[in-house]
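Just below is one structure, and these are the notes that go with it.
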Ligand code: XMP
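Numbering (full-length UniProt numbering), first residue to last: 201 to 519.
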């Protein structure tokens, strides 16, 4: 794609011009936007860039390892992996209110990010993977009446607090253009096509109290569901798919014994922008096969339901 190639060169030129020989910090979440921003900036200024990956212990199966392997080992980008699962899960102990979960995670995230960023001596810039729709949204929402359905977390306010200037090389791009730029930069196709994943991670897919036990069960069930979707060639037709572990245990029968384990809900939707969504019309065969696999392969789950709520009136995530 020659247009993206020239866009890339121009973006690199602009980053060099803005940053000169100074240092940049980039928050890395493992998502497509921050990853593309990081790789682009690294091409522009090399080791003047340091990435900070705040790992809240609420990521999917093997996800943290994959982020570290890709950025540190494959791209050789200086990366600080702040493994803070104990801190986050400790603070979330006994918390079941969705907004308190979100706020707890958001606040700790900023604290940890700031602590790690301050260790990077002489950093003057903070890089963000802000896209054009984010820019528009923050403008059109300001001043108008607003209803907070869910408080999203980001590092808003931190640049001023730390006296950092922003580097936002994706500000003019839409999501599909960011993906094209990512391909231009050589990021793996499987990575670029990944479904969105929310900042608070698995916390909002675990209604009720979060425990390590539940998170482990959830990770395994989610991996089976995604594997099923990939095997049936459906991944790219779906906007987002995941499992939620429900805060209820139900009675079942396995072999000649009684089970008393968690129930889970499968969620899969189609959407253009995440603002509205329809549940995905899987065949009954697919659903039956997936439920059987999850219950057989994941110890701790003995019942599986499919969420057929569209947005609105539902939201995509459960919290
Ligand atoms: P809902 O659940 O509100 O989600 O229908 C719409 C889209 O936003 C994602 N989402 C988030 N993304 N931080 C994020 O970065 C958040 O706090 C957050 N909450 C929801 C959700 O996964 C879906 O794609």
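Every residue, glycine too, gets a C-beta built ideally from N, C-alpha and C. The structure displayed is predicted, hence computed values, not measured ones.
The Cβ-Cβ distance between residue 501 and residue 426 does not fall below 8 Å. Inter-residue distance for residue 322 and residue 252 is about 15 Å (C-alpha atoms, whole angstroms).
In this structure, residue 462 keeps its C-beta atom at 8 Å or more from the C-beta atom of residue 438. Residue pairing by DSSP places residue 227 opposite 252 in a beta bridge. When Cβ pairs closer than 8 Å are counted between the two stretches, the segment 281–294 is seen not to touch the segment 426–436, the count staying below three. The beta carbon of residue 398 is closer than 7 Å to those of 404, 517 in its chain, skipping five residues each way along the sequence. Per the coordinates, the alpha-carbon of residue 481 lies some 28 Å from the alpha-carbon of residue 377. With a 10 Å radius around the Cβ and a threshold of 16 neighbouring Cβ atoms, residue 256 comes out buried.
Restricting attention to 242, 298, 294, the CA atom closest to the CA of residue 276 is found in 242. Distance between residue 388 and residue 436, taken at the CA atoms: about 15 Å.
When the beta-carbon positions are compared, residue 490 and residue 478 stay at least 8 Å from each other. Residue pairing by DSSP places residue 468 opposite 441 in a beta bridge. Taking non-hydrogen atoms of the ligand XMP into account, the C-beta of residue 328 is found less than 7 Å away from none of them. For the set 214, 290, 514, 329, the Cα lying nearest the Cα of residue 412 is the one of 290.
Set against 7 Å, the gap from the CB of residue 352 to the closest heavy atom of the ligand XMP is smaller. Per DSSP, residue 367 is one residue of the beta strand (DSSP E) stretching across 365–367.
Straight-line measurement puts the Cα of residue 296 at about 5 Å from the Cα of residue 409.
Between the alpha carbons of residue 273 and residue 314 lies a gap of roughly 24 Å. Inclusion of residue 494 and residue 400 in the CB contact set at 8 Å is not warranted, their separation being larger than that value. Positions of the beta strand (DSSP E) runs, each at least 3 residues long and wholly inside the segment 405–466, are given as 440–454 in order along the chain.
For residue 262, no alpha helix (DSSP H) run applies, since DSSP gives it neither H nor E. Beta-bridge pairing by DSSP links residue 477 to 511. In the three-state reduction of the DSSP assignment, residue 221 falls in the coil class, being assigned neither a helical nor a strand state. DSSP lists 255 as the bridge partner or partners of residue 283. A check of alpha carbon separations from residue 361 across 232, 335, 317 identifies 317 as the nearest. In this structure, the C-beta of residue 299 stays at least 7 Å away from each heavy atom of the ligand XMP. The beta carbon of residue 503 sits closer than 7 Å to the beta carbons of 450, 452, 463 from its chain, once the five residues preceding and following it are set aside; these are given in chain order. Taking all protein chains in view, the Cβ of residue 246 is surrounded by fewer than 16 other Cβ atoms within 10 Å, so the residue is classified as exposed.
Inclusion of residue 302 in the 7 Å shell around the ligand XMP follows from its C-beta lying nearer than that to a non-hydrogen atom of the ligand. Between the beta-carbon of residue 443 and that of residue 497 there is about 12 Å, and that puts the pair past the 8 Å contact cut.
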